[in-house]
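A.B. asks:
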């Protein structure tokens, strides 16, 4: 390389013991650098020291002490390191042979893939992870104690509301019902007796009051004594009290009848509980208790769980910062919710936003939302995780580029824009969100400009690219992926 011969000569001059023995200050010059030593005796190298120790010293030179040699060693080592650094610098950073124009063109033409920025309507949506929830869930339990005698349905079967599911041994409850009915009949007979007694007492009271009127006239005529009149009047008053007591007995008997009727109704209900029916329409789960087992009223373990899955819910959470926009767009129209299995293998189902929780979770800073789906084909299953997309509105005339065109570096978010001469320019852009495979460019790229989508790692501003063809960003609108 150029300059290597000069560097070698300088190195030889430094390590030559004869140069250091010259009188006066020693000056070493290199392009751009000058070194000067004092007039003291320079240190000897190991080879010189060995050679001079074996040869007789010259008579015209004074002997060099060991201490002076040690003082010169750091100076020589430092100079050697400096020269070595200069040599290495000249070797690696020195002028290199100029490349031919063909070589330069071949080196600068970097293979790259490109795409054209397009303008189209893009949905503005929020992506989240959701979980499928049953529209209604009921844990079926027995309301009476007894032996489970029969299971009427198949596990996983869809049942209608009111369909018979289980039967419990009804004999104890049937006996209790019969006893309650017998008691009711007895009490009703008691009411009849009390009413008859009232009728009798009322008749006697009417007779007594008639006698009182008659005796009052006779007393006035002097036909009967006052004592006889008083006895008749007292008898009438006693009969009036008897009538009141009989009427109270009738009221009491009727109350007993009402209680008996309530007991009969309770016994009838308990007897009805021996037939366990579906409280809602839905799909049954697995059995927890089989026929022959003893069940208790309101046991902690349900006999079976029924889920109503049509319609069905998908619950998900979004950051609280999205809440104002959601409420604003929901006030204008019903918001669409799309759910897709996380694996991507299943199909997307569409529903609508039906619920916004009334409080933000202060721990996570999110708020719970819920979408409702028809699910007539039972495609969604409770407990299933889904990728959820809540579409707020559609942004018209949005500038989009493929997501792989947008890179992140020290400058921030940027893309490589291809100029007409096939050179590239690094341009900082602002991208608000990603929709499907497209990145929305709010600022930095105009429609129709070409951007690099592959090969950015080999590029720098000003490089020329070579590409087989230039693709346009697909014009079809895609749903955003979480």
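Numbering (this note's numbering), first residue to last: 8 to 489.
For each residue, glycine too, the CB sits at the ideal point set by N, CA and C.
Note that this is a predicted model, so its numbers are computed, not measured.
1) Is it true that the CB of residue 162 sits closer than 9 Å to the CB of residue 293?
2) Given this structure, state the Cα-to-Cα distance separating residue 428 from residue 467, to the nearest angstrom.
3) Measure the C-alpha to C-alpha separation of residue 201 and residue 255 and round it to an integer number of angstroms.
4) Only counting the same chain, and skipping five residues up and downstream in sequence, which positions put a Cβ closer than 7 Å to that of residue 470?
5) Express the C-alpha separation of residue 279 and residue 258 in angstroms, rounding to a whole number.
6) Could you round the C-beta distance between residue 359 and residue 347 to whole angstroms and report it? I think they count as a contact, below 8 Å.
7) Could you tell me whether the Cβ atoms of residue 274 and residue 188 are closer together than 9 Å?
8) Cβ of residue 407 within 9 Å of Cβ of residue 445?
9) Just to confirm the assignment: which complete beta strand (DSSP E) runs, minimum length 3, are found wholly within the segment 123-200?
10) Can you find at least 3 beta carbon pairs, one from the segment 286-305 and one from the segment 190-206, that sit closer than 8 Å?
11) Are there 16 or more other CB atoms within 10 angstroms of the CB of residue 385, so buried, or fewer, so exposed?
12) Straight-line CA distance for residue 209 to residue 250?
13) Just to confirm my understanding: we take residue 349, look at its own chain, exclude 5 residues before and 5 after, and list those with CB closer than 8 Å. What are they?
14) Quick one: Cα of residue 325 to Cα of residue 178, how far?
15) Who are residue 409's beta bridge partners in DSSP?
16) Name, in chain order, the residues that DSSP records as bridge partners for residue 467.
17) Starting from residue 461, trace the beta strand (DSSP E) both ways and give me its first and last residue.
18) Should residue 212 be labelled buried (16 or more other beta-carbon atoms within 10 Å of its own) or exposed?
19) Which residue or residues does DSSP assign as beta-bridge partners of residue 314?
20) Which residues bound the beta strand (DSSP E) around residue 249?
21) Measure from the alpha carbon of residue 426 to the alpha carbon of each residue in 439, 376 and 123, then state which is nearest.
C.D. replies: According to the structure shown:
1) yes
2) 15 Å
3) 9 Å
4) 115, 117, 430 and 431
5) 31 Å
6) Their Cβ separation, rounded to whole angstroms, is 16 Å, which puts residue 359 and residue 347 out of contact at 8 Å.
7) yes
8) yes
9) 125-147, 153-158 and 171-175
10) no
11) exposed
12) 6 Å
13) 136, 392, 393 and 394
14) 56 Å
15) 445
16) BP columns for residue 467 are empty, so no partner.
17) 457-461
18) buried
19) 144 and 290
20) First-last for residue 249: 233-279, but that is the alpha helix (DSSP H), not the beta strand (DSSP E).
21) 123
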